[in-house]
Amino acid sequence: MQWQPIRSFETIVRFSCCCNKEFVRDATLMWNAMNACFSFYFTLSLLPEFISAATKGWFHTICRVDGLYTGSYSGKAMYIFTWSKVWGLGDTVLLILRGRDIQFMHLFHHTVVVIEVFFTYLSAGSMARLGVMMNVVMHSLMYSYFVAQDINLKVRELAGFITLLQLAQFVMGCLTILSASWQSNEQQLSQSKELPAQTQWSAEPVIRHLFFNQSVGK
0 MQWQPIRSFE TIVRFSCCCN KEFVRDATLM WNAMNACFSF YFTLSLLPEF ISAATKGWFH
60 TICRVDGLYT GSYSGKAMYI FTWSKVWGLG DTVLLILRGR DIQFMHLFHH TVVVIEVFFT
120 YLSAGSMARL GVMMNVVMHS LMYSYFVAQD INLKVRELAG FITLLQLAQF VMGCLTILSA
180 SWQSNEQQLS QSKELPAQTQ WSAEPVIRHL FFNQSVGK
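Here you go:
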C-alpha cells in the first residue's frame, strides 16, 4: 500500500503530462544525460585528491581530511555534490511520468538524503572521501546506462554488472565505516554527527540498487 500523499502527487504529475509521451521521453533522456555528465565531472574533479590521499595509505584515506573540502577542484566538487542531492529529487518525478509506482521508501530515501548531506557537510570529514568517490563513479555508470537505454542501445546485459558493483560498494562502505570508527581521530571526524553520516553512506548503495532495478524494469 502506498502512502496517500505519494498517490496524490503521482496523480497530479501524471495528469499534467499524460498526453505528451514524447515530452516524457525527451525529458528523461536529457535528465539522464545531464546527470551522467555531472557525475563524470565529480569523478574527474575528486580523482586527483583521492589518488593523493590513497597513495599515503588506508589510514590517511579515511582519517585525514587534508584538502578534500578546500582544494580548488575537490572542494568545489564536494560543495556541488551536496547540492546535487536536491535536484536528485527529479528521479522521482520521472519515474512517476513513466508510469511507475513510487513506494514510500523511495521518497523517504531521497528526502532523507537531502537533509543528511547538508547536516553532515564538512562534519563527515575524511570518511566522505571514499563514500563520495564510490557514489559518483557508480552514478556515472548508472546514468550512462540509462542514456544508452533511452537511445535504444542494447546494453541490458550490463544491468547485472552494475548491480554487482552496487553490492560491492555497500560492502566497501561498511568496511570503511568500521575501519574509520576503529581508527577515528577526534580532530578529524566529528563524533556528534558521525553516526548519521555513517548510516547514510552504508544505506545509499542498497537503496540506490532498488531505484536502479525500478528504473530498468521497462
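All residue numbers for the sequence shown refer to numbering that gives the first Met the number 0, where the first residue is 0 and numbers rise by one.
Each residue gets a CB set at the ideal place from its N, CA and C atoms; glycine is no exception.
N-terminal and C-terminal residue of the alpha helix (DSSP H) that Ser51 is part of: Lys20 to Ala53
Status (buried if at least 16 other CB within 10 Å, exposed otherwise) for Phe41: buried
Candidates Thr175, Ile95 and Ser139: closest to Met126 by CA position: Thr175
Buried or exposed (CB count within 10 angstroms, at least 16 for buried), Arg128: buried
Helix, strand or coil at Gln102 according to DSSP, with G and I counted as helix: coil
Closest residue to Gly124 among Cys62, Phe117, Ala32 and Asn31 (Cα-Cα distance): Cys62
Exposure of Ile50, with buried meaning 16 or more beta-carbon neighbours within 10 Å: exposed
Option nearest Tyr72 by Cα separation, candidates Leu46, Val113, Tyr142 and Lys55: Leu46
Spatial neighbours of Gln187 in its chain, beta-carbon cut-off 7 Å, leaving aside the 5 residues before and after: Unreliable placement is indicated for Gln187, whose pLDDT of 47 sits below 50; no coordinate value is reported for it.
Cβ-Cβ separation, Phe145 to Asn19 (assumed contact under 8 Å), whole Å: Actually they do not touch by this definition, with Cβ atoms about 20 Å apart.
Burial state of Asp90 (16 or more Cβ within 10 Å): buried
Alpha helix (DSSP H) segment containing Asn134, residue limits: Met126 to Asp149
Residue nearest to Tyr120 in terms of C-alpha spacing, selected from Leu164, Asp100 and Lys84: Lys84
Residue of Arg155, Val154, Ser38 and Met141 minimising C-alpha distance to Leu164: Met141
Selection from Thr162, Phe169 and Ser143 that minimises the alpha carbon distance to Leu28: Ser143
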